[in-house]
Amino acid sequence: MWDEKYSAEHYVYGKEPNRFLADYAVELPPGDILCLAEGEGRNAVYLAGLGFNVTAVDQSPVGMDKAQRLAAEKGVEIHTICADLADYDFGTARWDGIVSIFGHVAPAVRHKVYAELHKALKPGGILLLEAYTPDQLGRGTGGPRSADLLLTADILRAEIPGLDFLHLEELEREVIEGTGHSGLSAVVQLVARKP
238 MWDEKYSAEH
248 YVYGKEPNRF
258 LADYAVELPP
268 GDILCLAEGE
278 GRNAVYLAGL
288 GFNVTAVDQS
298 PVGMDKAQRL
308 AAEKGVEIHT
318 ICADLADYDF
328 GTARWDGIVS
338 IFGHVAPAVR
348 HKVYAELHKA
358 LKPGGILLLE
368 AYTPDQLGRG
378 TGGPRSADLL
388 LTADILRAEI
398 PGLDFLHLEE
408 LEREVIEGTG
418 HSGLSAVVQL
428 VARKP
């Protein structure tokens, strides 16, 4: 599915970073950043442009190829890994920051990933996350069409252990990101730090 979507000539979610990420990137400590379900690379490339050492992980080789092309176009370097998050080794105290922007995955995979975030972050490391909430269903402005892939503040509180939540909010905002996200959207945003 994702290879087919990303095989489009254009960048489905655009070439510019997610606005929440751009607004909160200042919270990320300098160093190594992991971008989850990174698709065509727009957020990883943006962070590399800010001077971070960025690794982008996605299951789509087509997406990762486009990410490398975008990095070359913008004159930055990113490391790309084609892997399913269900099997990906996050490492221990490896990352200064982890970014998940609209990284919607099946609940079983999500539970595994979220359980590993604390271990994977260095002390003081930051998690930045934005996702669609169930209120997004039926809007036609982007995101999954299955409720079990969507997130709420309560789900994040329950499923992400060991981090201090600095910002957690459900809100409506205009999300204009290529043709894939276009219009008023219901999202949840999280900034959390490992003690």
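In this note's numbering, the protein residues as written are 238 to 432. Glycine included, every Cβ here is placed at the ideal spot set by N, Cα and C.
Taking residue 257 as the reference, give the member of 315, 336, 416, 371 with the closest Cα.
Its Cα nearest to that of residue 257, the residue 336 stands out among 315, 336, 416, 371.
query: Are three or more beta carbon pairs between the segment 334 to 350 and the segment 360 to 375 nearer than 8 Å?
result: With the cut-off at 8 Å, the segment 334 to 350 and the segment 360 to 375 touch.
At least 3 beta-carbon pairs within less than 8 Å: the segment 408 to 418 vs the segment 352 to 363 = no
Residue 309 and residue 317 - do their beta-carbons sit closer together than 7 Å? For residue 317 and residue 309, no; Cβs fall outside 7 Å.
- prompt: To the nearest angstrom, how far is it from the Cα of residue 261 to the Cα of residue 320?
  reply: CA-CA distance, residue 261 to residue 320, rounds to 26 Å.
Q.
When you compare the CB positions of residue 397 and residue 351, do they come within less than 7 Å of one another, or not?
A. Contact: yes.
Through-space distance from residue 376 to residue 402, alpha-carbon basis: 29 Å
Checklist line | Any non-hydrogen atom of the ligand COA within 6 Å of residue 256 CB | finding: This structure lacks the ligand COA, and indeed carries no ligand of any kind.
Q: Output yes or no for whether 7 Å exceeds the beta carbon distance between residue 427 and residue 405.
A: Remark: C-beta atoms of residue 427 and residue 405 approach each other more closely than 7 Å.
Length of the line joining the Cα atoms of residue 244 and residue 298:
10 Å
| query | If you follow the beta strand (DSSP E) that residue 290 is part of, which residue opens it and which one closes it? | reply | 290 to 295
Practice item. Could you tell me the distance, in whole angstroms, from the CA atom of residue 382 to the CA atom of residue 373? Key: 9 Å
Check your understanding: So, are the CB atoms of residue 325 and residue 291 less than 7 Å apart?
Key -> no
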